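Engineer: Just so you know, the sequences run in chain order A and B. Quick note: the first sequence uses our numbering, first residue 21, plus one each step. Quick note: the second sequence uses our numbering, first residue 21, plus one each step. So that we are looking at the same thing, I have put the structure below in structure tokens.
Protein chains: 2
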Amino acid sequence: MGYFRKNIEQAEGYTPGLQPHRAEVTKLNTNENPYPPSPAVLEVLSQITSEQLRRYPDPNADEFRQAAARINGVEPGCIMCGNGGDELLKIALQAFCDNKRPVSFAVPTYTLYAVLAKLNNCKAIEVAFDKEFNLPAKLSATPAALTIVCNPNAPTGSIVSREEMVCLADEIKGVLLVDEAYVDFAQDNCTELIKDFKNVLIIRSMSKGYGLAGIRFGYAIAQPSLIAGLMKVKDSYNVNTVSIAAAAAAIKDQKYFRRNIEKTKKERERLTEQLRQLGFTVPKSHANFVLAENSGYKAAEIYDKLLQRDILVRFFPVPGLENKLRITIGTSRQNDILLDNLKEILPH
Amino acid sequence: MGYFRKNIEQAEGYTPGLQPHRAEVTKLNTNENPYPPSPAVLEVLSQITSEQLRRYPDPNADEFRQAAARINGVEPGCIMCGNGGDELLKIALQAFCDNKRPVSFAVPTYTLYAVLAKLNNCKAIEVAFDKEFNLPAKLSATPAALTIVCNPNAPTGSIVSREEMVCLADEIKGVLLVDEAYVDFAQDNCTELIKDFKNVLIIRSMSKGYGLAGIRFGYAIAQPSLIAGLMKVKDSYNVNTVSIAAAAAAIKDQKYFRRNIEKTKKERERLTEQLRQLGFTVPKSHANFVLAENSGYKAAEIYDKLLQRDILVRFFPVPGLENKLRITIGTSRQNDILLDNLKEILPH
């Protein structure tokens with residue numbers, strides 16, 4: 021018998037995107053917000069006291085829950101906080117799935133889902149999207165205890181309508197987890213579903229729309245019965261005092277948040293248009309990145325050439341994505357640097 | 021089929037100690053350090069930039085790993101960070117245990133171990149300590165994939181010698197996890213064991229000795245092969261930028277740390293002596309709390325009376341602890357308040 025469980029020995033773990041610290045890098049690879057978080061966040065950090073550091077945090081992070089509840093039009097009891105959406109995904113897998121209770125999701129999608137299934141020793145039922153990334157009908161017919169839809173989807177940027185999600189929630193027997201990490205950049209979200217469905221769990225992130233990837237903060241929205249079960253699985257003091265204060269300050273500053281979102285949406289339209297002019301196929305994106313393909317060139321080659329020029333984008337060598345690049349929407353200046361370099365790299 | 025796994029439905033979750041926010045409470049219930057963290061921590065927090073908040077953290081928390089490695093005389097590859105010791109315990113259970121791979125530990129001990137076993141659907145083999153809290157011989161003979169020894173033990177304050185731990189590591193087939201959350205207040209630790217044993221995993225906390233319960237930071241020490249397996253189980257960005265900076269600043273300030281530890285040890289001896297004079301039985305403690313029993317009075321009753329006077333201690337209504345109180349070592353002033361009130365509460 022080895023020290024580790026067999027499924028852990030065989031697991032590969034998740035590989036995050038490169039995180040270089042050199043300032044000169046144009047970093048369009050991990051979907052960080054190109055703009056800083058609300059100034060209220062630094063203000064709050066400067067007011068943290070030794071006494072707050074010395075004491076255990078509020079186990080339920082009520083300051084954040086109350087703010088997030090108000091903004092989402094739900095009760096605080098419908099909210100649970102985590103160290104990023106990733107911790108909440110991990111908790112969901114542990115709560116709902118095991119070797120007899122599979123998870124299902126449409127692919128290609130966020131590769132962490134398959135990694136978590138492996139770590140949890142549960143079967144992952146992967147159903148392929150069609151070419152237009154429509155929700156596969158088969159997804160509602162699996163025996164999954166947990167069905168995950170990343171919406172908007174990463175790395176495709178595509179979105180499933182609220183109406184389709186209602187049908188899915190209604191048809192499946194298990195839990196529907198809607199991973200809304202990128203929903204701040206879309207026109208609609210699925211919060212309303214939790215009013216009618218006790219099997220719907222929505223996950224949000226403060227890393228993308230709110231520019232707070234560094235503090236690792238996310239939250240779940242669901243009916244209190246589902247939240248209560250998930251609360252048993254989380255560590256009692258899972259999120260810390262400083263992150264709670266920072267996340268609460270950011271979510272309360274909706275004016276600043278909305279202004280940044282609009283800037284990114286505008287740049288997304290511009291970048292999409294410009295990439296198309298360079299010969300790329302770019303599906304309409306509802307997130308803060310685009311998925312671009314140029315039939316004349318290998319994605320891996322473009323990736324390498326950009327890397328040599330200190331421009332980082334993301335390349336996933338997996339089925340369906342072999343010739344595509346995922347490019348985070350940067351500032352206007354960053355997007356120009358990318359476009360100018362692509363013009364030089366791609367022969368005419 | 022319910023939404024949740026059966027073991028999760030049946031689990032109770034962990035109940036943390038009360039966390040009141042009123043300043044007038046004498047809080048001796050959750051083993052927080054009574055002294056603030058190193059001033060270097062607030063200094064570092066004041067220097068956090070928007071750019072650091074906007075970007076994902078360093079996945080490996082190398083700044084902290086390097087500092088902790090130097091202080092513990094090991095290589096950085098022997099260190100892994102987590103959101104408190106609790107997250108590292110959770111990761112260990114997920115890595116080593118399942119329904120065919122039990123966990124074992126001596127009781128009474130930190131009640132989270134049994135909670136995590138339940139959440140992980142693995143059998144918990146509980147072996148009782150004797151009256152003097154010596155390591156039970158039976159612990160080395162279980163079929164456990166993971167054997168946990170809390171050392172110093174909570175809530176007893178007792179310690180198992182390094183020599184005994186060497187024997188245990190040698191005798192068992194699985195992994196030996198030494199939970200050293202309270203080791204900063206003891207004379208010795210088990211770091212040396214990782215040089216000879218590839219099955220030893222040590223867990224440390226920044227919450228107690230370093231006064232940083234609010235930032236949720238802990239770390240594991242083990243041979244790189246064990247660390248590499250555990251790294252696959254953790255979220256890729258599990259600890260955040262602000263906590264990494266704060267924890268690194270605190271661990272680098274060893275002078276401040278040692279001075280606070282000495283103060284607490286001195287108060288521990290004084291409190292032990294004074295409680296004994298009040299008729300309590302108080303075993304020698306190697307942690308920042310004492311376990312006190314007064315055969316003339318019910319612990320639950322003393323607990324309630326202290327609570328009415330805004331003095332919080334911990335009472336665990338479980339076998340072996342029904343008539344004992346766990347009391348955190350406070351400042352000299354806090355300990356005096358406790359003692360003065362006990363004198364009033366206990367009839368003469």
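For every residue, glycine included, the Cβ atom is placed at its ideal position computed from N, Cα and C. The model shown is predicted, which means the values in this text are computed figures rather than measured ones.
Closer than 7 Å, Cβ to Cβ, to anything on chain A: give me those residues from the stretch 215-244 of chain B, in chain order.
Structural biologist: N219, G231, L232, A233, G234, I235, R236
Engineer: For P172(A) and K318(B), I'd like the C-alpha separation in whole angstroms.
Structural biologist: 58 Å
Engineer: Would you call the stretch 329-339 of chain B and the stretch 41-58 of chain B in contact, with 3 or more CB pairs under 8 Å?
Structural biologist: yes
Engineer: Who are the neighbours of P79(B) on chain A, taking C-beta pairs under 8 Å?
Structural biologist: P36, Q39
Engineer: Which same chain residues end up closer than 7 Å to P163(A) when comparing Cβ atoms and leaving out the 5 residues on each side of it in sequence?
Structural biologist: P122
Engineer: Expressed to the nearest angstrom, what Euclidean distance is found between the alpha-carbon atoms of R279(B) and R75(A)?
Structural biologist: Going by the C-alpha atoms only, they are around 19 Å apart.
Engineer: How is A268(B) classed by DSSP in three states: helix, strand or coil?
Structural biologist: helix
Engineer: Could you say which of M100(B), L65(B), N92(B) lies nearest to D78(B) if we only look at CA atoms?
Structural biologist: M100(B)
Engineer: Using 8 Å as the Cβ pair cut-off and three pairs as the minimum, do the stretch 312-330 of chain B and the stretch 253-263 of chain B touch?
Structural biologist: no
Engineer: Does D330(B) have its Cβ less than 9 Å from a Cβ in chain A?
Structural biologist: no
Engineer: Among all the DSSP beta bridges, which residues are the ones paired with G102(B)?
Structural biologist: G238(B)
Engineer: Could you please tell me which residues of the stretch 86-115 of chain B, in chain order, have their CB closer than 8 Å to any CB of chain A?
Structural biologist: Those residues of the stretch 86-115 of chain B that come within reach of chain A (Cβ to Cβ, closer than 8 Å) are N103, G104, D106, E107, K110, Q114, A115.
Engineer: Any heavy atom of the ligand HEM closer than 8 Å to the beta-carbon of L196(A)?
Structural biologist: In the structure on display, the ligand HEM does not appear, and there are no ligands present to speak of.
Engineer: Might you give, ordered along the chain, the residues of its own chain that have their beta carbon closer than 8 Å to the beta carbon of F24(B), omitting 5 neighbours on each side?
Structural biologist: Apart from the 5 residues on each side of it in sequence, F24(B) has no Cβ closer than 8 Å to any other Cβ in its chain.
Engineer: Under 9 Å, Cβ to Cβ, is there at least one residue of chain A near I349(B)?
Structural biologist: No, I349(B) does not count as interfacial toward chain A.
Engineer: Going along chain A in order, which residues have a C-beta closer than 7 Å to the C-beta of I28(B)?
Structural biologist: A115, G249, K252, V253
Engineer: Got a sec? Which residues, its chain only, sit under 6 Å from R346(B) by beta carbon, not counting five neighbours each side?
Structural biologist: P175, F309, L311, R334
Engineer: Going along the chain, which residues of its own chain have a beta-carbon closer than 7 Å to the beta-carbon of D330(B), five neighbours each way excluded?
Structural biologist: E44, V45, T46
Engineer: List the residues of chain B that D118(A) touches, going by C-beta distances under 8 Å, in chain order.
Structural biologist: R25, N141
Engineer: Residues in the same chain with beta-carbon distance under 6 Å from A206(A), minus the five sequence neighbours each way, listed in chain order, please.
Structural biologist: P172, I179, H306
Engineer: Based on the DSSP secondary-structure assignment, which residues constitute the bridge partners of A148(A)?
Structural biologist: V127(A)
Engineer: Judging by CA-CA distance, which residue of N343(B), A267(B), K215(B), K138(B) is the nearest neighbour of K26(B)?
Structural biologist: K138(B)
Engineer: Tell me the rounded alpha-carbon separation between A115(B) and G234(A).
Structural biologist: 26 Å
Engineer: Could you please give me the residues that DSSP links to E342(B) through a beta bridge?
Structural biologist: None; E342(B) has no bridge partner.
Engineer: On the DSSP letters alone, give me the boundaries of the beta strand (DSSP E) that S385(B) sits inside.
Structural biologist: No information on residue 385(B) is available, as it lies outside the stretch 21 to 368 that chain B covers here.
Engineer: Over the uninterrupted alpha helix (DSSP H) stretch that includes C170(A), give me the two end residues.
Structural biologist: That residue, C170(A), is in no alpha helix (DSSP H); its beta strand (DSSP E) goes 166-170.
Engineer: If you measure beta-carbon to beta-carbon, which residues of the stretch 167-201 of chain A are closer than 8 Å to chain B?
Structural biologist: Within the stretch 167-201 of chain A, the residues whose Cβ lies closer than 8 Å to any Cβ of chain B are, in chain order, K193, G194, V195.
Engineer: Using a Cβ-Cβ cut-off of 9 Å, state whether V338(A) counts as contacting chain B.
Structural biologist: It does not; no Cβ of chain B falls within 9 Å.
Engineer: Evaluate the contact criterion for the stretch 287-305 of chain B versus the stretch 352-368 of chain B: three or more CB pairs, one atom per stretch, below 8 Å.
Structural biologist: yes
Engineer: Counting contacts by CB-CB distance shorter than 9 Å, is I271(B) in contact with chain A?
Structural biologist: no
Engineer: Taking only the alpha-carbon atoms, compute the straight-line gap between T284(B) and A88(A) and give it to the nearest angstrom.
Structural biologist: 40 Å
Engineer: How long is the line joining the alpha carbons of V135(A) and N343(B), rounded to whole angstroms?
Structural biologist: Roughly 47 Å between the two C-alpha positions.
Engineer: Between which residues of its own chain and G177(B) is the CB-CB distance below 7 Å, once the five residues before and five after are set aside?
Structural biologist: Result list for G177(B): P303, S305, H306, A307, F309, V310, L311, in chain order.
Engineer: Please classify V203(A): does DSSP put it in a helix, a strand, or coil?
Structural biologist: helix
Engineer: CA-CA distance, C98(B) and L109(A)?
Structural biologist: 27 Å
Engineer: With distances taken between CB atoms, is the gap from R236(B) to D106(B) smaller than 9 Å?
Structural biologist: yes
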